[in-house]
Structure formats: C-alpha cells, structure tokens
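Heads up, this note's numbering is the position in the sequence shown plus 4, with the first residue counted as 1.
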Amino acid sequence: MNTQDEIKYQEALKRVKKIKGFYTHATVYVIINLMIVIVNFQNLEPGESYFQYKNFTTLLFWGIGLVAHGFSVFVPQWFLGANWEERKIRELMDKEKNKKWE
C-alpha cells in the first residue's frame, strides 16, 4: 500500500472508531436508563406517579452528553465539509513554512 492509501485507510479507521464509540455510548445509555426506570417503578409508593423530576435527571443530563457526543462524531462533516480537517492541516503547515522563511 502506498503512503496516500495508508493515510486514507488510517483516517477511515479513525472515523469508524469514533462512530463505533458513539453507538456503544448510545447502547449503554439505553440499557442503563431502562434499568433505572425498572428500579424506580419497583420503588414507587402506592398511588405515586412515576412522572416526577427526580426520575428523569439521569436521563436528561446523560442525554445531553450523548447528544454532544453525537454532534462531535457526525456534525463536523456536515457543518465543516468532508475534507475540512485536511484543508486546515495544510493551511497551518503553510503558515508554519512561511513563518520559517521570514
């Protein structure tokens, strides 16, 4: 494999690991929150409603974290473009190269 192919492969591998990490995070989020719901239902007093603030704090705050993780994995490509990272690296390298010559 030549250098350019190896670089593309490593970038793709890095991207796949980020996506896999997000899916793992989402799966753990669902499983743990289902367990919390089950435990909360078992600990309800007779006549008490499940729909209380205290029963949704973990779901809400961890959900915010999960959404942030999803944005970090999926949004940069939509927002910044597919090759933004490569363009930015070249820009910074060019600046550094020009700086050395001054």
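For glycine and all other residues, C-beta sits at the position ideal for the given N, C-alpha and C.
Keep in mind that this is a model prediction, so the values were computed, not measured.
Practice task
In angstroms with no decimal places, state the Cα-to-Cα distance between E52 and F45.
Solution key: 10 angstroms
Practice task
Could you check the C-alpha separation between K103 and I11 for me, to the nearest Å?
Solution key: 26 angstroms
Practice task
Quick one: give me the first and last residue of the alpha helix (DSSP H) that Q56 is part of.
Solution key: Unbroken run through Q56: none, as it is neither H nor E.
Handout entry: For L38, the first and last residue of its enclosing alpha helix (DSSP H)
Key = 7-46
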